[in-house]
Structure formats: C-alpha cells, structure tokens
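Chemist: This is the structure I have questions about; it appears just below.
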Amino acid sequence: DDAAVSTDNIERLTELIGQMKPMYRDPLRLLAMGYTNREIAKSLGLTDEVVRTRLFRGRKLLWKEMNSHE
Numbered sequence: 001d002d003a004a005v006s007t008d009n010i011e012r013l014t015e016l017i018g019q020m021k022p023m024y025r026d027p028l029r030l031l032a033m034g035y036t037n038r039e040i041a042k043s044l045g046l047t048d049e050v051v052r053t054r055l056f057r058g059r060k061l062l063w064k065e066m067n068s069h070e
C-alpha cells in the first residue's frame, strides 16, 4: 500500500502548507507548481536570498510537523 501512504502524505502536506503563514506558504506552493527560486522571487517581489531562506524554513517546519505525527 505504498500508493495509499503516498496519497496520505500528500494530503497531509497540502493541509500543513495551507495552515502556514503566507510568508512560507506562498513560496512553497509556487515551488510545488514548478517555479524556480528566481521566478518565485520575481512573482512575490522578493530577493532570491529571501526566497531561499523562506523555502528552507518552510521545508524545515513541514519536516518537523510530518515527523511529529508519525
């Protein structure tokens, strides 16, 4: 049932991203849609460095939440 586990993980990630502050949620959603860091920065009016930092911190928060509910 690896497919079921993957679907559950995707649903949980989607839920968690939706609950995040916009400063983390928006870059993560754009990344998931296939945007590059530079495109995300331009779209959100941020620098590349700010986008990298927010993606890093957003992923870290997601990782922490996913692992705390296993």
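Position 48 of the sequence shown, counted from 1, bears residue number 48 in full-length UniProt numbering, the numbering being contiguous throughout.
Ideal Cβ positions, reconstructed from N, Cα and C, are used throughout, including at glycine.
1. What's the call for Asp26, buried or exposed, on a 16-neighbour Cβ count within 10 Å?
2. Once the 5 residues before and after Leu28 are set aside, which same chain residues still bring their CB inside 6 angstroms of it?
3. By DSSP, does Met66 sit in helix, in strand, or in coil?
4. One question on the structure: do Arg54 and Tyr24 come within less than 8 angstroms of each other, judged by their Cβ atoms?
5. Report buried or exposed for Ile40, applying the criterion of at least 16 other Cβ atoms within 10 angstroms of its Cβ.
6. Indicate whether Leu30 and Ser43 have their beta-carbon atoms separated by less than 8 angstroms.
Modeler: Reading it off the structure:
1. Here residue 26 refers to the residue found at position 26 when the sequence shown is read from its first residue. Under this definition Asp26 is a buried residue.
2. Your numbering for residue 28 matches position 28 in the sequence shown. Counting only Cβ-Cβ distances below 6 angstroms, and skipping sequence neighbours, we find Ile17 and Gly58.
3. The count along the sequence shown starts at 1 and reaches residue 66 at position 66. Three-state DSSP puts Met66 in a helix.
4. The residue labelled residue 54 in the question sits at position 54 within the sequence shown. The residue labelled residue 24 in the question sits at position 24 within the sequence shown. It is a contact, given that the beta carbons lie within the stated cut-off.
5. Counting from 1 along the sequence shown, the entry for residue 40 is found at position 40. When all chains shown are included, Ile40 counts as buried.
6. By 1-based counting over the sequence shown, the position of residue 30 is 30. By 1-based counting over the sequence shown, the position of residue 43 is 43. Contact: yes.
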